[in-house]
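Enquirer: The structure's right below; bear with me while I get my questions together.
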Ligand SMILES: [Zn+2]
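Residue numbers (my numbering): 86 to 584.
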């Protein structure tokens with residue numbers, strides 16, 4: 086049952102995703118180094134791999150183990166703590182807390198395991214010892230280094246030759262190294278740096294070894310997917326792969342998935358340009374779903390150019406989708422509970438489940454969402470899932486949500502509308518969108534006009550019409566339209582929607 090096709094950086098090609106064990110699909114993502122407030126660039130892999138996690142859960146009946154680490158030992162952390170005159174522990178605890186708060190606001194699902202590097206030093210030392218035993222590492226002046234030339238496949242992920250690597254990277258040339266390309270597994274600590282005892286002296290681990298140790302502990306010697314931003318492919322992922330190969334003699338992950346970079350107004354975010362957008366700041370201005378929408382609006386492998394215009398467009402798109410949900414007469418709560426029933430279901434083909442909220446609507450619902458099987462009896466995925474299965478094509482999946490919304494806006498059959506609203510919520514769930522009630526959404530996301538104000542203007546327009554003051558009535562309609570609110574007079578009264 087191959088459904089998902091995904092681009093594998095290791096083979097440089099689009100491949101069918103075939104898990105090692107369908108009963109336990111395993112995914113590892115390199116998590117943040119907790120030394121500074123996370124920014125929108127950090128959010129991209131978190132959102133991309135959250136969607137992949139949600140998709141895998143749907144495809145494999147929730148049998149997915151997702152590990153994302155926290156790097157809480159790093160020279161940048163030491164420097165920042167020193168500069169701010171606080172302890173390393175205080176700094177990493179504060180940044181981790183901010184990171185978790187951001188994740189909740191972005192609707193990122195909790196991962197199965199979130200190991201911290203400092204709690205896994207013993208596991209790192211075990212792998213280092215194995216590497217020395219196997220001849221892939223050596224001790225020199227309190228350091229332990231990986232012997233790059235020992236591994237003939239080194240460079241297989243980033244497709245670089247050793248000469249390219251030396252020319253293109255800032256390799257540290259040091260007298261104790263056998264070769265300039267050899268990288269650090271363990272290094273001695275200065276007096277004020279954090280240090281752990283080891284047979285090589287008091288020191289601390291290099292960065293790459295932590296992901297080898299933590300993925301090995303929670304996912305085993307071989308797992309399905311290793312993910313991260315493109316910038317991690319070399320040297321971080323290349324070195325992780327080398328370490329696991331040297332220690333365990335096998336390829337640590339079958340599929341290596343990398344997301345593209347993020348630019349702001351076509352420029353790289355940097356301190357010197359002063360264009361770093363912290364998540365904390367942007368989440369004060371916009372709902373997390375708007376940020377999610379922006380980050381999913383480009384294909385994950387492409388560079389995403391963040392602009393104010395994309396943020397505004399994403400907000401408008403979400404207003405349109407939430408506006409479609411309002412058309413349903415089953416009300417917010419019914420729609421939300423239907424989504425919960427969907428989300429919690431164990432079955433992949435949840436689209437065929439019976440309606441839980443509307444007896445009269447059942448026929449229409451089955452009509453709309455029924456065909457989960459084709460003539461040969463195999464499952465047919467919904468368009469949103471099909472889009473995501475085609476190398477996680479999130480722009481296509483978003484378009485499919487708008488197609489459902491179009492049908493809702495065009496339909497005059499309330500049963501069909503209810504069924505489509507149910508479908509819209511459940512399909513959006515795999516993208517982590519439309520998770521709020523409509524009331525909450527419109528109370529918080531209509532710039533300059535809240536719902537009570539809209540209702541007041543609609544009543545005023547009714548009164549104006551009753552006293553035949555059509556000029557005032559038209560004026561109110563035009564004012565609402567200026568605020569992207571469209572009103573329509575129906576038999577049941579005046580309804581409005583965001584456009
Ligand atoms: Zn890593």
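Cβ coordinates follow ideal geometry from the N, Cα and C atoms, glycine included.
Since the model is a prediction, treat every value here as computed from it, not as a measurement.
DSSP on residue 102, reduced to helix/strand/coil?
Expert: Residue state, collapsed to three classes: coil.
Enquirer: Among 112, 191, 119, 103, whose alpha-carbon lies nearest the alpha-carbon of residue 518?
Expert: Of the listed residues, the one whose Cα sits closest to residue 518 is 191.
Enquirer: What do you get for residue 352, buried or exposed, if any count of 16 or more other CB atoms within 10 angstroms of its CB means buried?
Expert: Exposed, since its Cβ has fewer than 16 Cβ neighbours within 10 Å.
Enquirer: Ignore the nearest five residues each way along the sequence and tell me which others in residue 262's own chain have a CB closer than 8 angstroms to its CB.
Expert: Hits under 8 angstroms: 225, 230.
Enquirer: What's the gap between the Cα of residue 310 and the Cα of residue 339?
Expert: Near 6 angstroms, if we compare the C-alpha coordinates of residue 339 and residue 310.
Enquirer: Taking only heavy atoms of ligand 1 into account, decide whether any of them is closer than 8 angstroms to the Cβ of residue 242.
Expert: No, Cβ of residue 242 sits at least 8 angstroms from all heavy atoms of ligand 1.
Enquirer: Assuming residue 574 is part of the beta strand (DSSP E), what are its boundary residues?
Expert: Its beta strand (DSSP E) spans residues 570-575.
Enquirer: Thinking C-beta only, is residue 406 closer than 9 angstroms to residue 467?
Expert: It is not a contact, given that the beta carbons lie outside the stated cut-off.
Enquirer: To the nearest whole angstrom, what separates the beta carbons of residue 397 and residue 348, a pair I think is in contact under 8 angstroms?
Expert: About 18 angstroms separates the two Cβ atoms, so there is no contact after all.
Enquirer: So, does the segment 373-389 touch the segment 515-530, judging by three or more C-beta pairs under 8 angstroms?
Expert: In short, these stretches touch, since the Cβ pair count reaches three.
Enquirer: What I want to know is whether the C-beta of residue 185 ends up closer than 8 angstroms to one or more non-hydrogen atoms of ligand 1.
Expert: Result no, Cβ not under 8 angstroms from ligand 1.
Enquirer: Any contact of the segment 150-166 with the segment 284-292, i.e. 3+ C-beta pairs under 8 angstroms?
Expert: As far as the Cβ criterion goes, the segment 150-166 touches the segment 284-292, which means the pair count is three or higher.
Enquirer: Would you mind listing the alpha helix (DSSP H) stretches within the segment 132-210 that are 4+ residues and don't spill past its ends, in chain order?
Expert: Complete alpha helix (DSSP H) runs here, min 4: 160-169, 173-190.
Enquirer: Can you give me the C-alpha to C-alpha distance between residue 144 and residue 298, rounded to a whole angstrom?
Expert: Their Cα atoms are separated by approximately 28 angstroms.
Enquirer: Could you give the distance in angstroms between the alpha-carbon of residue 367 and the alpha-carbon of residue 295?
Expert: Going by the C-alpha atoms only, they are around 31 angstroms apart.
Enquirer: Taking the alpha-carbon of residue 328 as reference, which of 162, 116, 232 has the nearest alpha-carbon?
Expert: Considering only alpha carbons, the answer is 232.
Enquirer: Would you say the beta carbon of residue 295 is closer than 8 angstroms to some non-hydrogen atom of ligand 1?
Expert: Checking every heavy atom of ligand 1 against the Cβ of residue 295, one is found closer than 8 angstroms.
Enquirer: Taking all protein chains shown into account, decide if residue 272 is buried (16 or more other Cβ within 10 angstroms of its Cβ) or exposed.
Expert: It is buried - the Cβ of residue 272 has at least 16 other Cβ atoms within 10 Å.
Enquirer: Between residue 154 and ligand 1, is the CB less than 8 angstroms from at least one heavy atom?
Expert: Yes, Cβ of residue 154 sits closer than 8 angstroms to a heavy atom of ligand 1.
Enquirer: Shorter than 8 angstroms, the distance from the beta carbon of residue 270 to the closest heavy atom of ligand 1, or not?
Expert: No, ligand 1 has no heavy atom inside 8 angstroms of this Cβ.
Enquirer: How big is the Cα-Cα spacing for residue 335 and residue 325?
Expert: Cα to Cα, the separation comes out at about 12 angstroms.
Enquirer: If I measure Cβ to Cβ from residue 385 and keep anything under 6 angstroms in the same chain, skipping five residues before and after, which residues do I get?
Expert: Counting only Cβ-Cβ distances below 6 angstroms, and skipping sequence neighbours, we find 133, 344, 477.
Enquirer: Quick check on the DSSP output: what are the complete alpha helix (DSSP H) runs of length 4 or more inside the segment 360-410, in order along the chain?
Expert: Counting whole runs of 4 or more residues, the segment 360-410 contains the alpha helix (DSSP H) stretches 364-370, 373-381.
Enquirer: Less than 8 angstroms separating the Cβ of residue 313 from some heavy atom of ligand 1?
Expert: Yes; taking the cut-off as 8 angstroms, the Cβ of residue 313 has a heavy atom of ligand 1 nearer than that.
Enquirer: Check residue 110 in the structure and name its three-state DSSP category.
Expert: In the structure shown, residue 110 sits in a strand (DSSP, three-state: E or B).
Enquirer: What residue does the beta strand (DSSP E) around residue 90 start on, and which one ends it?
Expert: First-last of the beta strand (DSSP E) with residue 90: 90-93.
Enquirer: Output the distance between the C-alpha atoms of residue 248 and residue 238, rounded to the nearest integer angstrom.
Expert: Each residue's alpha carbon lies about 14 angstroms from the other.
Enquirer: I need the straight-line Cα distance from residue 321 to residue 301, nearest angstrom please.
Expert: Their Cα atoms are separated by approximately 16 angstroms.
Enquirer: Identify the continuous beta strand (DSSP E) that holds residue 344 and give its terminal residues.
Expert: Residue 344 -> beta strand (DSSP E) spans 338-344.
Enquirer: Span of the beta strand (DSSP E) holding residue 295?
Expert: Careful: residue 295 lies outside any beta strand (DSSP E), inside the alpha helix (DSSP H) at 292-304.
Enquirer: Identify which residue in 567, 112, 274, 216 has its Cα closest to the Cα of residue 304.
Expert: When only C-alpha atoms are compared, the closest one is 112.
Enquirer: Could you pull the start and end residues of the beta strand (DSSP E) that residue 272 belongs to?
Expert: Residue 272 -> beta strand (DSSP E) spans 268-273.
Enquirer: Report the residue from 121, 202, 125 whose alpha carbon sits nearest the alpha carbon of residue 152.
Expert: Ranking 121, 202, 125 by Cα distance to residue 152 puts 202 first.
Enquirer: Any chance the CB of residue 325 is under 8 angstroms from a heavy atom of ligand 1?
Expert: Checking every heavy atom of ligand 1 against the Cβ of residue 325, one is found closer than 8 angstroms.
Enquirer: By alpha-carbon positions, which one of 579, 279, 530, 506 ends up nearest to residue 548?
Expert: Residue 579 is the option with its Cα nearest to residue 548.
Enquirer: Could you check if residue 410 is buried or exposed, using at least 16 other CB atoms within 10 Å of its CB as the buried criterion?
Expert: Per the 10 Å Cβ criterion, buried.
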